[in-house]
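Position 378 of the sequence shown, counted from 1, bears residue number 378 in this note's numbering, the numbering being contiguous throughout.
Even glycine gets a Cβ: it sits at the ideal position worked out from N, Cα and C.
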Amino acid sequence: MSDTERLLEQALEHHRAGRGEAAGWLYRAVLAMDAEQPESNFNLGVLELESGHIDSGLVHLKKAVENAPDVLDYWVKLAEALLLSQRSAEARDVIERAENNGLRSPLMDDLLLRIGGSVGSQNSSRATVEKTSTSGPHDLLLSEALTSSLSGQREDQIEPFIVNIQGDVKVCVPADIHCVTTYVLLEQEDWYEPELGWLRRYIQPGMSVLDVGAGYGVYALTMGKIIQGKGHVLALEPDRISSGLLARSIVENGLDGHVSVICEVISDKSGEVEMPVCSALRSTDLGGDQSTQLVKSLTLDELAKEVSWPHDSDLSFIRINAKGFEAKIMQGGLIFFSKHSPLVMFGVEGNKISENLIGMFTELRMHIYRLIPGLNALVLSDSTGSADVSKCNLFACGEERAEMLRMRGLMI
1 MSDTERLLEQ ALEHHRAGRG EAAGWLYRAV LAMDAEQPES NFNLGVLELE SGHIDSGLVH
61 LKKAVENAPD VLDYWVKLAE ALLLSQRSAE ARDVIERAEN NGLRSPLMDD LLLRIGGSVG
121 SQNSSRATVE KTSTSGPHDL LLSEALTSSL SGQREDQIEP FIVNIQGDVK VCVPADIHCV
181 TTYVLLEQED WYEPELGWLR RYIQPGMSVL DVGAGYGVYA LTMGKIIQGK GHVLALEPDR
241 ISSGLLARSI VENGLDGHVS VICEVISDKS GEVEMPVCSA LRSTDLGGDQ STQLVKSLTL
301 DELAKEVSWP HDSDLSFIRI NAKGFEAKIM QGGLIFFSKH SPLVMFGVEG NKISENLIGM
361 FTELRMHIYR LIPGLNALVL SDSTGSADVS KCNLFACGEE RAEMLRMRGL MI
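Here it is in structure tokens:
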């Protein structure tokens with residue numbers, strides 16, 4: 001299946017489920033690769049008309065007709081849209097062209113009657129038109145949808161994309177292809193970091209894991225699927241929009257009770273902190289609105305006392321995605337790390353590990369490791385992590401955990 005076919009299939013799935021905003025973005029993605037694709041033009045045209053964007057909708061419907069002139073439904077919908085937008089002469093011309101191509105149906109006769117009745121009257125009654133084709137995902141008659149849009153009635157609720165990635169994991173992401181996560185998952189059908197592939201080997205049923213800075217939940221949901229209800233994933237994401245989408249993904253994947261999300265931030269002290277809110281959900285928009293949101297903060301040691309903490313199993317893995325604040329998170333968990341020996345995966349900001357974080361790992365007798373993708377195995381890095389500064393993520397663990405990894409062939 002080509003990229004165009006794959007995106008079109010996902011668009012149709014969203015459209016049939018009533019997620020028009022998500023479908024629209026995907027139809028546009030298809031047309032960015034193939035501007036003449038008739039089905040995407042037709043469906044996007046109908047969505048545009050339903051949203052009140054008459055001119056844009058007609059352009060797409062006309063393109064659909066031009067590139068698939070043998071599809072009767074395309075002609076009918078175009079003629080109907082022209083009629084309802086009070087362009088009777090153009091509607092009649094479309095019907096005549098369809099008939100010249102050998103396409104006839106009672107629907108066209110009905111439209112001609114409506115064209116005749118519309119002359120001199122903008123309030124002509126609409127005849128009931130039955131749906132004649134199942135080629136599109138539409139549940140409403142175009143006439144009803146377009147008439148509603150012309151009278152100012154429309155839905156403004158933006159539904160997220162639900163993207164399927166490897167492991168049959170469904171991830172809810174913003175309906176905006178300018179969002180990095182949305183774009184990557186749609187384009188690759190998986191996350192780009194090779195560490196995720198390694199974790200699919202490491203995580204096992206029965207493990208409990210902690211995902212700090214979970215984002216939209218690519219890692220948390222993937223690990224939740226693997227543990228198969230025998231263990232627990234606790235995800236922390238301070239951004240309300242991201243944590244809300246993650247909560248929805250948990251339900252979509254049937255992981256209620258096995259993956260939980262907390263809208264809080266982990267730091268070296270408890271209280272409240274102001275977190276930036278990215279404009280329009282676009283993680284690439286660095287110059288956008290820098291508004292903030294107030295979020296509760298707590299330490300890792302305090303979190304370990306919470307009811308939501310998986311007390312019935314040993315914590316096997318912690319992922320820290322904190323954009324340079326990894327040392328503060330570790331500082332607030334010294335008591336925890338004196339009792340547990342998990343594998344820690346942490347992000348590298350600016351291709352350099354902070355000296356505070358290195359000192360923290362040294363104090364906890366944890367060594368730093370990096371992934372070799374070709375071998376899909378971890379190897380010992382130097383104490384500064386400079387042996388591979390191009391890596392976005394590194395790992396750290398004590399000797400006991402390292403020996404377990406070697407026995408499983410996950411470390412050399």
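- Task: Please state whether DSSP places L103 in a helix, a strand or coil.
- Result: As a first step, residue 103 is located in the sequence shown; it is residue number 103 there, counting from the start. Here L103 sits in coil by DSSP.
- Message: Quick check on DSSP: helix, strand or coil for D190?
- Response: Within the sequence shown, numbered from 1, the residue matching residue 190 stands at position 190. Three-state DSSP puts D190 in coil, outside helix and strand.
- Message: Looking at the secondary structure, which residues open and close the alpha helix (DSSP H) in which S15 lies?
- Response: In the sequence shown, counting from the first residue as 1, residue 15 sits at position 15. In the sequence as presented, Ser is not what sits at residue 15; that position holds His. Note, H15: alpha helix (DSSP H), 3-16.
- Message: Among the candidates M223, L7, R319, E274, whose CA atom is the shortest distance from the CA of E189?
- Response: Here residue 189 is taken as the residue at index 189 of the sequence shown, counted from 1. Closest in alpha carbon position to E189, among M223, L7, R319, E274, is L7.
- Message: Here's a check: name, in chain order, each residue in its chain whose Cβ is nearer than 6 Å to the Cβ of R92, leaving out the five neighbours to either side.
- Response: Along the sequence shown, read from residue 1 onward, the residue named residue 92 stands at position 92. The residues are I115.
- V344 versus L245: straight-line alpha-carbon distance, rounded: The residue labelled residue 344 in the question sits at position 344 within the sequence shown. The residue labelled residue 245 in the question sits at position 245 within the sequence shown. Looking at the two C-alpha atoms, the distance is approximately 25 Å.
- Item | From T299, S2, D168, residue whose alpha carbon lies closest to that of S267 | In the sequence shown, counting from the first residue as 1, residue 267 sits at position 267. Ranking T299, S2, D168 by Cα distance to S267 puts T299 first.
- Message: So, does the segment 193-205 touch the segment 43-54, judging by three or more C-beta pairs under 8 Å?
- Response: Under the Cβ criterion (8 Å, minimum of three pairs), the segment 193-205 does not count as touching the segment 43-54.
- Task: Report yes if the CB atom of A64 is closer than 8 Å to the CB atom of F42, and no otherwise.
- Result: Here residue 64 refers to the residue found at position 64 when the sequence shown is read from its first residue. Here residue 42 refers to the residue found at position 42 when the sequence shown is read from its first residue. Their beta carbons are under 8 Å apart, which means A64 touches F42 by this criterion.
- With a threshold of 16 other CB atoms inside 10 Å of the CB of A32, please say whether the residue is buried or exposed. Taking the first residue of the sequence shown as position 1, residue 32 is located at position 32. Exposed, by the Cβ-count rule.
- Message: Can you tell me where the alpha helix (DSSP H) holding M407 begins and where it ends?
- Response: On the sequence shown, residue 407 is found 407 positions in, with the first residue counted as 1. Under the DSSP assignment, M407 falls in the alpha helix (DSSP H) whose first and last residues are 399-407.
- Item | Rounded straight-line distance, which links the Cα of L58 to that of A327 | The residue you call residue 327 lines up with position 327 of the sequence shown. The residue you call residue 58 lines up with position 58 of the sequence shown. For A327 and L58, the gap between their C-alpha atoms comes out near 56 Å.
- Item | Cβ-based neighbour list, S243, same chain, cut-off 7 Å, excluding 5 preceding and 5 following | Taking the first residue of the sequence shown as position 1, residue 243 is located at position 243. Cβ neighbours of S243 beyond the five flanking positions: E237, V261, C263.
- Message: Under DSSP, the alpha helix (DSSP H) around F42 begins and ends at which residues?
- Response: Reading the sequence shown from its first residue, position 42 is the one you call residue 42. Its alpha helix (DSSP H) spans residues 38-50.
- At which residue ranges does the segment 322-388 contain complete beta strand (DSSP E) runs of 3 or more residues, listed in the order of the chain? Taking only runs of at least 3 residues, the beta strand (DSSP E) segments lying wholly in the segment 322-388 are 343-347, 367-372, 377-380.
- Query: Once you ignore the five residues that flank H138 on each side, which residues in its own chain have a CB closer than 7 Å to its CB?
  - Reply: The residue you call residue 138 lines up with position 138 of the sequence shown. For H138, the predicted structure reports a pLDDT of 44, less than 50, and the residue's modelled location is therefore unreliable. A value from the coordinates is still provided. Excluding positions up to five away in sequence, the list reads V46.
- Query: Considering only the beta carbon of each residue, do I412 and V379 sit closer than 8 Å?
  - Reply: Numbered from 1 along the sequence shown, position 412 holds the residue referred to as residue 412. Numbered from 1 along the sequence shown, position 379 holds the residue referred to as residue 379. In this structure, V379 lies closer than 8 Å to I412 by Cβ.
- Message: If you reduce the DSSP assignment to three classes, tell me which class E264 lands in.
- Response: Translated into positions along the sequence shown, residue 264 becomes position 264. Residue state, collapsed to three classes: coil.
- Item | W198 versus N376: straight-line alpha-carbon distance, rounded | On the sequence shown, position 198 is the one that residue 198 refers to. On the sequence shown, position 376 is the one that residue 376 refers to. Across the structure, W198 and N376 are spaced so that their CA atoms are roughly 6 Å apart.
- Spatially closest choice to V169 from V212, G224, D176, G18, by CA coordinates: Here the question's residue 169 lines up with position 169 in the sequence shown. Out of V212, G224, D176, G18, G224 has the C-alpha closest to the C-alpha of V169.
- Task: Put M207 into one of helix, strand or coil per three-state DSSP.
- Result: For the purposes of this step, residue 207 is taken as the residue at position 207 of the sequence shown. It is coil, neither helix nor strand.
- Could you tell me how far apart the beta carbons of V94 and L78 are, in whole angstroms, since I believe they sit closer than 8 Å? As a first step, residue 94 must be located in the sequence shown, where it is residue number 94. As a first step, residue 78 must be located in the sequence shown, where it is residue number 78. Confirmed, Cβ separation roughly 5 Å.
- Message: Quick check on L294: buried or exposed, where buried means 16 or more other Cβ atoms within 10 Å of its Cβ?
- Response: For this step, residue 294 is matched to residue 294 along the sequence shown. Exposed is the call here.
- Query: Relative to the alpha-carbon of L12, which residue among E39, M1, A35 has its alpha-carbon at the smallest distance?
  - Reply: Counting from 1 along the sequence shown, the entry for residue 12 is found at position 12. The shortest C-alpha separation from L12 is found at E39.
- For A235, does the three-state DSSP call read helix, strand or coil? By 1-based counting over the sequence shown, the position of residue 235 is 235. A235: strand per DSSP, three-state reduction.
- Message: Do D211 and A235 count as a contact pair if the criterion is CB distance below 8 Å?
- Response: As a working note, residue 235 is residue 235 in the sequence shown. As a working note, residue 211 is residue 211 in the sequence shown. Yes, Cβ-Cβ distance for A235 and D211 is below 8 Å.
- Message: Using only the alpha-carbon positions, how far apart do V30 and P106 sit?
- Response: Start at 1 with the first residue of the sequence shown, and residue 30 comes out as number 30. Start at 1 with the first residue of the sequence shown, and residue 106 comes out as number 106. Those two C-alpha atoms are separated by around 33 Å.
- When you compare only the Cα positions, how much space is there between L26 and E252? Locating residue 26 in the sequence shown gives position 26, where the first residue counts as 1. Locating residue 252 in the sequence shown gives position 252, where the first residue counts as 1. Taking the straight line joining both Cα atoms gives about 20 Å.
- Query: Considering only residues of the same chain and omitting the five flanking positions on each side of P413, which have a CB-CB separation below 7 Å?
  - Reply: This structure gives no information on residue 413, because the portion of the chain shown stretches from 1 to 412.
- Please decide whether E399 counts as near chain D, where near means a Cβ-Cβ distance under 8 Å. Any reference to chain D falls outside this structure, which holds one protein chain only.
- Query: What separation, rounded to the nearest whole angstrom, lies between the Cα atoms of L185 and I250?
  - Reply: Residue mapping note: residue 185 aligns to position 185 of the sequence shown, counting from 1. Residue mapping note: residue 250 aligns to position 250 of the sequence shown, counting from 1. Between L185 and I250, the C-alpha separation is close to 17 Å.
- So V265 and V233 are in contact, right, with Cβ under 8 Å, and what is the actual spacing, rounded? As a working note, residue 265 is residue 265 in the sequence shown. As a working note, residue 233 is residue 233 in the sequence shown. At roughly 18 Å, the Cβ-Cβ gap does not stay under 8 Å, so V265 and V233 are not in contact.
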